[in-house]
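Engineer: For the sequence shown, this note's numbering assigns the number 505 to the initial residue and increments by one for each residue that follows.
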Amino acid sequence: MDGNAEVIGAYAWAHEMSSGKDTPSGHWEIAGVPVLFEWDTSPITKNSFPQELLDKLVERANLPGYLGNCHSSGTVILDQLGEST
Numbered sequence: 505m506d507g508n509a510e511v512i513g514a515y516a517w518a519h520e521m522s523s524g525k526d527t528p529s530g531h532w533e534i535a536g537v538p539v540l541f542e543w544d545t546s547p548i549t550k551n552s553f554p555q556e557l558l559d560k561l562v563e564r565a566n567l568p569g570y571l572g573n574c575h576s577s578g579t580v581i582l583d584q585l586g587e588s589t
């Protein structure tokens, strides 16, 4: 390789700083705003959204339905309920 070759690339590494391991925390961190606090979440773990709201979303967006209506990781809820779709 020629010692005078023009540099055409670079590399780097990083280590996460955010407390949370959720998608929004990751997106904020890659945008340069690490989340150094715990997100506030709703204490309602089952039936997290009112049925009336879900019905309107399904109708307006022409959706076949929804999965879970509960707090869950996206991969966990798909493992639990994905086959039912």
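Note that the Cβ used here is the ideal one computed from N, Cα and C, for glycine as well.
Of the residues Ser-588, Leu-585, Ser-576, which one's Cα is nearest the Cα of Thr-527?
Structural biologist: Ser-576
Engineer: Quick check: Pro-538 and Ser-522, are their CB atoms within less than 8 Å of each other?
Structural biologist: Cβ distance < 8 Å, so Pro-538 and Ser-522 count as in contact.
Engineer: I need the DSSP call for Lys-525, collapsed to helix, strand or coil.
Structural biologist: Three-state DSSP puts Lys-525 in coil, outside helix and strand.
Engineer: Shortest alpha-carbon distance to Leu-590 belongs to which of Leu-558, Arg-564, Ala-509, Phe-541?
Structural biologist: Since the first and last residues shown for the chain are 505 and 589, residue 590 lies out of range.
Engineer: Here's a check: name, in chain order, each residue in its chain whose Cβ is nearer than 6 Å to the Cβ of Trp-532, leaving out the five neighbours to either side.
Structural biologist: So the list reads Val-539, once near-sequence residues are dropped.
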